[in-house]
Amino acid sequence: MNAKLKQFLQRWGVFAALVVVWELATRAAVSPFFPTPLTILRTMRDQWLSGPASRLFLSDEVFGDVLPSVGRMLGGWALACVIGVAVGVALGRSRVAMDYVGPLLAFARAIPPPMLVPVFLVLLSIGTPMQLATIIFGTLWPVVLNAVDGARAVDSVKVETARVFRLPRHQWLLGVVVPSALPKIFAGVRVSLSLALILMVISELVGATNGIGYQLIYAQRQFDLPTMWAGIVLLGVLGYLFNTLLLAGERRALSWQPAGRG
Amino acid sequence: MPTMLEVTGLGHRYRSKDGEHIALDGLSFDVNAGELVCIVGPSGCGKSTLLRSISGLIRPTSGQVRLHGDVVDGVPSDLAVVFQDYSRSLFPWLSVQRNVEFPLKKSLDKAERRERARQALEQVGLAGAAGKYPWQLSGGMQQRVAIARALAYRPALLLMDEPFASVDAQTRFDLEDLLLRVRREYDTTILLVTHDIDESVYLGDRVVVLSKSPARVVRTLDVDLPAQRDQITTRESEAFVALRSEVARLLHGQPAGDAPTGNGRPSAGRAPAKGKTGTASSAGSTAASSAGSSSGSSEKAASAKAQPSRNGQAANRNRGKGNGAKSRRRGRARR
């Protein structure tokens, strides 16, 4: 119990101290551009937790802005993961495919994903399809490339074992290749998740009629700086939350790995 | 007894950057149904290539393999292999039980799979470890899982590639006895490849002795030992000792009666690193030490021994002085 408390303090002590320093500094400075953390928290509560008790105090903004944003982000990211793993495993197990498309993939990955926003804005105009397209296109490449790496590196003895037992194709892919590649796949999927959050906000800053990003840019234009800051903090909280959930999922999925190897 | 496996004129050659390499040079032998045949050969003689050709993992460049009469072209459906490296051949993301069930998925329903896996694990003494992951088991236990997986598959022919080479001596003895027991219970035909002479004689009904690379069959020996074998009494029996000596002589290419005493023991430590030049350096070191003792300086001899490059120089100097002929002869005798 004591050790747990110590660990908790270690993890959050510096963070809490910085918030306190920030609070004191912003109070001393009294700048309209830098509201105090307490003001930001109060704004967050007013924004998102001022609804009726029957809806768990969630306000209209949660349903109108936060949930659509989260939905787009997770939806786009999940699609990118499914497509990315399928394509990556197929490319990784093919002897020649990567020779053909390798440079293409490297090039696609090198394009900063936010640069795709203008393209999709033109192609799909403002709305969810454009945001989904941006998120999918931006988050696909790390998943694909890591899946290729993982699928290529299946241990040769396992390959021969699978051949000796004449595993059917689906059992070979889902039972041997994917589990072998899973640690790599998770590395790609983690990178993609943080990219998805970034792309969700950026696409909403430019081309949306609702969402956290839209709320953020709207507040900025109204010089409603506490709301803008509230949006930023909310994004941080969401990012942290999703990453924590993913790590927990990863630990579960890779629980077969001996301790200390994951 | 019907023939299970017929290997006729099996050859394998491949191209590498320094020309064509012959791994297998026309091997022929049979394995009868229910037999346990051991193939023993010096390390690097192409045993693994042979096993992979027989299992259909690679296509031989000449000759053919027949399993119960059918020409092997690709891996036959009723063949299993136990690889040396159990930690790499087991699937670490599956529990022991599911590792054993895994190859049965394509042919059996869930209840049958479970039952077969349970039986096989019980046979190898791992009934209690079914729910564990491979890495939670010792090396010997992991190899037993691999054996159980192969047995549960009920192959017509079980190939084993140096299956006990990666476990400690005591575990190896246990696994050898386990193999002898389960082969009787499952009535499996087994072809086991090893570099361990004692193991081949202890386990085999017959021993096929291979030559150095490129591999040829030097001779096939019948092992006339009682079917019931025992690690202590069998290994000390006269018949066993005679057989293992015979295999050793065949393996080292020495005719009977001219048995090698130490097989160049002084250079043995250095030989693996030297590769092809090993024999030359052994001649050199012999020359160098004789030079050292003749000059009466033991210090010089010690320093010459420590530095292989100076060994060579010393040897050359010696030859120039005229007593090189003698040291050369000694060098040859050693090898």
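So the sequence lines, in the order shown, correspond to chains A and B. Here the first sequence is numbered in the working numbering, starting from 12 and rising by one per residue. Here the second sequence is numbered in the working numbering, starting from 1031 and rising by one per residue. The beta carbon of each residue, even a glycine, is placed where N, CA and C say it ideally should be.
| query | Counting Cβ pairs, one atom from each stretch, are 3 or more of them under 8 Å apart for the region 121 to 129 of chain A and the region 166 to 185 of chain A? | reply | Judged by Cβ distances under 8 Å, the region 121 to 129 of chain A makes no contact with the region 166 to 185 of chain A, as fewer than three pairs qualify.
| task | Drop a sphere of 10 angstroms on the beta-carbon of residue 1129 of chain B, count the other beta-carbons inside from all chains shown, and report buried for 16 or more, exposed for fewer. | result | buried
| Neighbour list for residue 183 of chain A in chain B, Cβ cutoff strictly below 8 Å | The contacting residues do not exist; residue 183 of chain A stays about 10 Å from chain B at best.
| query | Counting contacts by CB-CB distance shorter than 8 Å, is residue 187 of chain A in contact with chain B? | reply | yes
| said: Please classify residue 46 of chain A as buried or exposed, where buried requires at least 16 other C-beta atoms within 10 Å of its C-beta. | reply: buried
| message | Our contact map puts residue 208 of chain A next to residue 178 of chain A with C-beta atoms below 8 Å; I'd like the distance itself, whole angstroms only. | response | Between residue 208 of chain A and residue 178 of chain A, the beta carbon gap of about 39 Å keeps them out of contact (Cβ cut-off 8 Å).
| residue 1282 of chain B classed as buried or exposed, judged by whether at least 16 other C-beta atoms fall within 10 angstroms | exposed
| In whole angstroms, what is the alpha-carbon distance linking residue 1377 of chain B and residue 88 of chain A? | Past the edges of chain B, shown from 1031 to 1365, lies residue 1377 of chain B, and the structure says nothing about it.
| query | When you compare each of A/226, A/256, A/103, A/237 to residue 71 of chain A by their alpha carbons, which one comes out closest? | reply | A/226
| Buried versus exposed, by CB contacts within 10 Å (16 or more), residue 1211 of chain B | exposed
| Helix, strand or coil for residue 181 of chain A per DSSP? | Correct three-state label for residue 181 of chain A: helix.
| query | Name the DSSP bridge partner or partners of residue 1221 of chain B? | reply | B/1067, B/1189
| said: Would you say residue 1244 of chain B lies against chain A (beta-carbon separation less than 8 Å)? | reply: Nearest CB-CB separation between residue 1244 of chain B and chain A: not below the 8 Å threshold.
| task | Taking only beta-carbon positions, decide if residue 1136 of chain B is within less than 8 Å of chain A. | result | yes
| Can at least three beta-carbon pairs, one atom from the region 1137 to 1156 of chain B and one from the region 193 to 206 of chain A, be found at a separation below 8 Å? | no
| Alpha carbon to alpha carbon, how far is residue 1183 of chain B from residue 1137 of chain B? | 10 Å
| Based on the DSSP secondary-structure assignment, which residues constitute the bridge partners of residue 1240 of chain B? | B/1247
| field | Interface residues of the region 166 to 177 of chain A facing chain B [CB-CB below 7 Å] | value | 166, 168, 169, 171, 172, 174, 175, 176, 177: these are the residues of the region 166 to 177 of chain A whose beta carbon lies less than 7 Å from some beta carbon of chain B, given in chain order.
| task | Compile a chain-ordered list of the residues in the region 1092 to 1113 of chain B whose CB is closer than 8 Å to at least one CB of chain A. | result | 1105, 1107, 1109, 1110, 1111, 1113
| message | Using beta carbons (cut-off 8 Å, strictly below), is residue 1115 of chain B in contact with chain A? | response | Interface residue, yes.
| query | What three-state label does DSSP hand residue 1094 of chain B in the structure shown? | reply | strand
| CA-to-CA distance, residue 1245 of chain B to residue 1191 of chain B, given in whole angstroms | 16 Å
| At what residues does the beta strand (DSSP E) containing residue 1144 of chain B begin and finish? | From DSSP, residue 1144 of chain B is part of no beta strand (DSSP E) but of the alpha helix (DSSP H) over 1140 to 1153.
| request: Could you tell me if residue 152 of chain A is buried or exposed, where buried requires 16 or more neighbouring beta carbons within 10 angstroms of its beta carbon? | output: buried
| task | Answer with buried or exposed for residue 1163 of chain B, where buried requires no fewer than 16 other C-beta atoms within 10 angstroms of its C-beta. | result | buried
| query | How do the region 1218 to 1233 of chain B and the region 1191 to 1205 of chain B stand: do at least 3 beta-carbon pairs fall below 8 Å, yes or no? | reply | Enough Cβ pairs lie closer than 8 Å, so yes.
| Would you say residue 1341 of chain B faces chain A, with C-beta separation under 8 Å as the test? | A caution first: residue 1341 of chain B carries a pLDDT of 43, below 50, which makes its placement in the model unreliable, though a value can still be read off. Cβ-Cβ to chain A under 8 Å: no for residue 1341 of chain B.
| task | Name, in chain order, the residues that DSSP records as bridge partners for residue 1052 of chain B. | result | B/1043
| What residue from A/200, A/234, A/215 has the CA that sits closest to residue 253 of chain A's CA? | A/200
| Span separating the alpha-carbon of residue 1059 of chain B from that of residue 1238 of chain B | Distance between the alpha carbons of residue 1059 of chain B and residue 1238 of chain B: 8 Å.
| field | Euclidean distance between Cα positions of residue 99 of chain A and residue 1049 of chain B | value | 37 Å
| request: Spell out a yes or no on whether the region 140 to 159 of chain A and the region 235 to 242 of chain A are touching, meaning 3 or more CB-CB pairs, one atom from each, closer than 8 Å. | output: With a cut-off of 8 Å, the region 235 to 242 of chain A and the region 140 to 159 of chain A do not count as touching, because too few Cβ pairs lie within range.
| In the structure shown, what three-state DSSP assignment does residue 1332 of chain B receive? | With a pLDDT of 41 at residue 1332 of chain B, under the threshold of 50, the predicted position of this residue should be treated as unreliable, though the coordinate-derived value follows. Helix, per DSSP.
| message | Taking 7 Å as the cut-off, is the C-beta of residue 211 of chain A nearer than that to any heavy atom in the ligand HEM? | response | Of ligands this structure carries none, so the ligand HEM is not represented either.
| field | Coarse secondary structure for residue 1062 of chain B, derived from DSSP in three states | value | strand
| chain B beta carbons: is any one of them nearer than 8 Å to that of residue 267 of chain A? | yes
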